[in-house]
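Protein chains: 2
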Amino acid sequence: MLATIDRLGYRPNRLAQSLATNRTRTIALVISELTNSLYPPVLLGAEAACRAAGYDLLLASAPDVEAERRTIEVLLDKRVDGLILFSSSVLDIDNEHLFRAQRAGPPVVVINRHLPDDAPLDQIRFDHFGGARQATRLLLDLGHRRIAHIAGPSGRFTGRLRRAGYEAALRAAGIEPDRRLLAEGDYSFESGRAALHALWSARPTALFVGGDVMALGALRAARDLGAGVPDDLSLVAFGNPDAVRYAVPGITTIDLPVVEAGRLAAESVLRRAADGRDPTREVRTLATNLLLRETTASFQWREEASEAAPAAGES
Amino acid sequence: MLATIDRLGYRPNRLAQSLATNRTRTIALVISELTNSLYPPVLLGAEAACRAAGYDLLLASAPDVEAERRTIEVLLDKRVDGLILFSSSVLDIDNEHLFRAQRAGPPVVVINRHLPDDAPLDQIRFDHFGGARQATRLLLDLGHRRIAHIAGPSGRFTGRLRRAGYEAALRAAGIEPDRRLLAEGDYSFESGRAALHALWSARPTALFVGGDVMALGALRAARDLGAGVPDDLSLVAFGNPDAVRYAVPGITTIDLPVVEAGRLAAESVLRRAADGRDPTREVRTLATNLLLRETTASFQWREEASEAAPAAGES
DNA sequence: TAGGATTGCTGTACCGGATTAGTAAAGCGG
DNA sequence: CCGCTTTACTAATCCGGTACAGCAATCCTA
Numbered sequence: 448m449l450a451t452i453d454r455l456g457y458r459p460n461r462l463a464q465s466l467a468t469n470r471t472r473t474i475a476l477v478i479s480e481l482t483n484s485l486y487p488p489v490l491l492g493a494e495a496a497c498r499a500a501g502y503d504l505l506l507a508s509a510p511d512v513e514a515e516r517r518t519i520e521v522l523l524d525k526r527v528d529g530l531i532l533f534s535s536s537v538l539d540i541d542n543e544h545l546f547r548a549q550r551a552g553p554p555v556v557v558i559n560r561h562l563p564d565d566a567p568l569d570q571i572r573f574d575h576f577g578g579a580r581q582a583t584r585l586l587l588d589l590g591h592r593r594i595a596h597i598a599g600p601s602g603r604f605t606g607r608l609r610r611a612g613y614e615a616a617l618r619a620a621g622i623e624p625d626r627r628l629l630a631e632g633d634y635s636f637e638s639g640r641a642a643l644h645a646l647w648s649a650r651p652t653a654l655f656v657g658g659d660v661m662a663l664g665a666l667r668a669a670r671d672l673g674a675g676v677p678d679d680l681s682l683v684a685f686g687n688p689d690a691v692r693y694a695v696p697g698i699t700t701i702d703l704p705v706v707e708a709g710r711l712a713a714e715s716v717l718r719r720a721a722d723g724r725d726p727t728r729e730v731r732t733l734a735t736n737l738l739l740r741e742t743t744a745s746f747q748w749r750e751e752a753s754e755a756a757p758a759a760g761e762s
Numbered sequence: 448m449l450a451t452i453d454r455l456g457y458r459p460n461r462l463a464q465s466l467a468t469n470r471t472r473t474i475a476l477v478i479s480e481l482t483n484s485l486y487p488p489v490l491l492g493a494e495a496a497c498r499a500a501g502y503d504l505l506l507a508s509a510p511d512v513e514a515e516r517r518t519i520e521v522l523l524d525k526r527v528d529g530l531i532l533f534s535s536s537v538l539d540i541d542n543e544h545l546f547r548a549q550r551a552g553p554p555v556v557v558i559n560r561h562l563p564d565d566a567p568l569d570q571i572r573f574d575h576f577g578g579a580r581q582a583t584r585l586l587l588d589l590g591h592r593r594i595a596h597i598a599g600p601s602g603r604f605t606g607r608l609r610r611a612g613y614e615a616a617l618r619a620a621g622i623e624p625d626r627r628l629l630a631e632g633d634y635s636f637e638s639g640r641a642a643l644h645a646l647w648s649a650r651p652t653a654l655f656v657g658g659d660v661m662a663l664g665a666l667r668a669a670r671d672l673g674a675g676v677p678d679d680l681s682l683v684a685f686g687n688p689d690a691v692r693y694a695v696p697g698i699t700t701i702d703l704p705v706v707e708a709g710r711l712a713a714e715s716v717l718r719r720a721a722d723g724r725d726p727t728r729e730v731r732t733l734a735t736n737l738l739l740r741e742t743t744a745s746f747q748w749r750e751e752a753s754e755a756a757p758a759a760g761e762s
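Sequence order for the protein chains is Y and Z. If you want our numbering, it's the 1-based position in the first sequence plus 447. If you want our numbering, it's the 1-based position in the second sequence plus 447.
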C-alpha cells in the first residue's frame, strides 16, 4: 500500500491540507536589502531552526516600508505560520502594520528594529551601545586619548546607540567627547572616506567607525592622507566582519551574532506558532563580539612628536 | 456593499482560492548564494515584471543541489505558478529534478545554468564567451600582446567559456595562447591574488580576470608586486561592477545584464503560466557590456625597455 | 409583439484533504 | 458464549472559495 503510494508519486496537496488545518508549516523571513551582508547568516540560523522543527522557510524582499506593508499582506494571505522581520533601522517608521499582523495573524518577531520595549511582539536586539563602548574601551586601553568617531546617520537608531556607547566609554574614562572628533556618515563608503578627511585636522590617533562599509571608506581616506594604519591611526569598525573581509590591513571589528539572531528569532516564532497566543513578550539583547585584527595598536608618542604642534592636552 | 466588505476587513482566503482555481498567482525565485552580488538586480528585474502582471514573487534559498531539490519540492507543494532558478554554474550537476518539475508542475526557467540547448525548459544565458572575447579584444586594441588570463574553475561552465573567449580573441589576432600566461582560480579573492603572483614571471602587460572577486585579489597582488595599474598592468574583470565598486583604481569590467535577465526570466515564466503548455523552448543569450573604468591603458614600451631582457617576441 | 439572445442572480457541485461521526469487526473479561 | 469495550475502516461534513448550470428578467430585432 505505502509502496504503491510512493510508486505513483503521490503528494498530498498542501493547499488543501492547509485550508483544512489552518496551518501551513511555513515561516517567512522578510528582508529589506538583499545586499546587506548580515542577511546570509541570519537566514542560515533561521533556516536551520525551521528545518529542525519541520517547517519551511520562505524569503520575501521589502526594500522600503511600503513594500514591507505589501509583502506582509501577501504573506498573511499565504497564511504563513510566522513572520520574521529583519529590515530597516530607520527611526521614525510607522510600525502599525506589524502590530496589526501580529494581532490578527501569525506571530511576528523582529530583529534589530526600533520598537518600544513593550511593543506587542518578540524582539531580538543587538547591543549596539555595549558594542560601541567595547570598541572605544579597547582604544582607550591601548592608550589612545584622541579617539574620533564616524557615526551612522542620526536618523537610525543603530547610529545613535553606537555613538552613545562611544561617548559613554569616553566619559567613563574621564574624557569629555570632543565635537571636532565626531563626524556623521550615511553608512556608505564615500561618506566614511569624506568623514575621515574632515576629521583629520582634529588629529585623532584612533578612530571608531560605526559601520563596516564606512570603515572601508575611512581606510581609504587614511591611505589618501598618508596615514599608516595602525601605526598612525588605530581603527575599529562596527558591523559584519565579512563585509570588510578583503581590506588590508584586516580591520578590527565589533561583530554581531547574526546567526544566533536568526536562530533565536525562528525559535521564538515557532514556539508561539505552536503554543497559541501567549500574551507575554520577550525582548532579548544579544552581546557583540570583539574580533581583533590588524588595525589596532598602542598609542605611540612618536607620531604626536613628529607633528608641527602638539594638540592642546585634554587630561 | 463593497464599503461594508472593506470596513469588515474581508480578505479572500487565498488558500481556498488557489485550491479551487489551481493557481496561486505566485512565482518563486530560487537563489543559491545570498551573498552573490548578482542576485539583487535579478530580483529587482523579476519582481518588477511579476508585480506588473499581478503576481507575487517569493524567494527561496538553495545553497547546494540537495537543498535545491528540497526547496523545489516545497515550492511545488506550495503550488507556485512558476519557478525561476539562478543558481549554480557547476558543470556536472544532475538536473533531472528540474525537468521533472517542469514536466509535472509549473513552468521553469533557468538563468545562467549549464543545460543543453534542447533541454525542455526556457533558458536565459549570458554571453560569457563573447564577453571574454570583448575584454581580450579591448586589451589587444590597446596594443597589448602579453595578455594573461586568470580563469574561473574549469569545473564551471562560466570559467570554461570565458577562457575560450579569451583564447579565441588571441587566435583571431594571430597570437597563440601561452600556457604560462594562463592561471586558474576558484573565484575567490585569495586565488586571484595567488594567480597573479604565479603569472608574474611570465611578464604580462595586461590581464583579463574571469571573475570580479578574483580581480580584487589580482589588484592586491599587483600592489604586492609593486606593479602600477594600469601603468604596468592593464586589468579587465568579468562580473558584477558592484562587487568591485570600492576598488582603486576603478576596475574596467565586463558587465552582465542581470536586471534584464531577471525581467526576461519572469516574463518568460509568466507567459507560460498563462498560455498553458507550449512545447516550444526558448534559449536567449544576453550580450555583455563593457564598462570602461581606470584599469586599462595603452601598452607602453617603456616598461618592457626597463626590464632586464625583453621577452621573446611573438608576432 | 413574440421569439431568441443577452444579462443577472441563485443554487450546487466541486477543489483535496482533515476531522469527526458512525458502523462493523475484533478483543476482552466474566 | 455473551455483552461490553477497543480498534479499523467507511462515510459525511467542513475548510472557503470557484465555476458552471439553471432560471428569471430584461433586451433586441424582425
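Beta carbons are placed, not taken as given, at the ideal position from N, Cα and C, and that holds for glycine.
Helix, strand or coil for residue i? Go by DSSP, reduced to three states.
i         : result
Y:Ile-698 : coil
Z:Phe-546 : helix
Y:Ile-540 : coil
Y:Gly-557 : One detail in the question is off: residue 557 of chain Y reads as Val in this sequence, not Gly. In the structure shown, Y:Val-557 sits in a strand (DSSP, three-state: E or B).
Z:Thr-471 : coil
Z:Glu-480 : coil
Z:Ile-531 : strand
Y:Glu-741 : coil
Y:Ser-465 : helix
Y:Ser-508 : strand
Y:Leu-485 : coil
Y:Arg-572 : strand
Z:Asp-524 : helix
Z:Ala-630 : strand
Given this structure, state the Cα-to-Cα distance separating residue i from residue j, to the nearest angstrom.
i         : j         : result
Y:Ser-715 : Y:Thr-727 : 12 angstroms
Z:Leu-672 : Y:Ala-744 : 26 angstroms
Y:Thr-700 : Z:Glu-614 : 43 angstroms
Y:Asp-564 : Y:Ser-479 : 23 angstroms
Y:Ala-496 : Y:Ala-720 : 14 angstroms
Y:Ala-611 : Y:Ala-579 : 8 angstroms
Y:Ala-467 : Z:Asp-524 : 15 angstroms
Z:Pro-757 : Z:Asn-483 : For Z:Pro-757, the predicted model reports a pLDDT of 40, less than 50, meaning its position is unreliable; a value from the coordinates is still stated below. Taking the straight line joining both Cα atoms gives about 41 angstroms.
Z:Val-537 : Z:Asp-511 : 10 angstroms
Z:Asp-569 : Z:Glu-729 : 5 angstroms
Z:Arg-603 : Z:Val-705 : 19 angstroms
Y:Asp-625 : Y:Leu-617 : 10 angstroms
Y:Ala-620 : Y:Tyr-634 : 27 angstroms
Y:Pro-739 : Y:Leu-585 : For clarity, residue 739 of chain Y is Leu in the given sequence; the question names Pro instead. Going by the C-alpha atoms only, they are around 10 angstroms apart.
Y:Ala-595 : Y:Asn-687 : 20 angstroms
Y:Arg-710 : Y:Arg-498 : 11 angstroms
Y:Thr-518 : Z:Gly-675 : 49 angstroms
Z:Gln-464 : Y:Thr-473 : 18 angstroms
Y:Ala-708 : Y:Glu-494 : 12 angstroms
Z:Asp-528 : Y:His-575 : 42 angstroms
Output, in chain order, the set of chain Y residues within a Cβ distance shorter than 7 angstroms of residue i.
i         : result
Z:Pro-487 : Leu-481, Thr-482
Z:Tyr-693 : Phe-636, Leu-663
Z:Arg-458 : Asp-524
Run through chain Z and tell me which residues come within less than 7 angstroms of residue i, C-beta to C-beta.
i         : result
Y:Val-521 : Asp-503
Y:Leu-462 : Leu-462, Ser-465, Leu-466, Arg-526
Exposed or buried, which one is residue i when buried takes at least 16 other CB atoms within 10 Å?
i         : result
Z:Asn-559 : buried
Z:Asn-736 : exposed
Z:Asn-469 : exposed
Y:Arg-572 : buried
Z:Arg-458 : exposed
Z:Asp-503 : buried
Y:Val-695 : exposed
Z:Pro-732 : As written in the sequence, residue 732 of chain Z is Thr, which differs from the Pro given in the question. The residue is exposed, with fewer than 16 neighbouring Cβ atoms inside 10 Å.
What does residue i touch in chain Z if you count any residue whose Cβ is under 8 angstroms from its own?
i         : result
Y:Leu-490 : Leu-481, Ser-508
Y:Lys-741 : In the sequence on display, residue 741 of chain Y carries Glu and not Lys. Near Y:Glu-741 there are no residues of chain Z at all, since even the closest Cβ is about 15 angstroms away, more than 8 angstroms.
Y:Glu-494 : Ser-508
Could you name the residues of chain Z that residue i contacts, counting a contact when the two beta carbons are closer than 9 angstroms?
i         : result
Y:Arg-584 : Chain Z residues near Y:Arg-584: none, gap ~29 angstroms exceeds 9 angstroms.
Y:Arg-667 : Tyr-693, Val-695
| Runs of beta strand (DSSP E) lying entirely within the region 576-625 of chain Y, each at least 3 residues, in chain order | Listed in chain order, the beta strand (DSSP E) runs fully inside the region 576-625 of chain Y are 594-598, counting runs of at least 3 residues.
Beta strand (DSSP E) runs wholly inside the region 651-738 of chain Z, at least 3 long, in chain order = Taking only runs of at least 3 residues, the beta strand (DSSP E) segments lying wholly in the region 651-738 of chain Z are 653-656, 681-686, 699-702, 730-733, 736-738.
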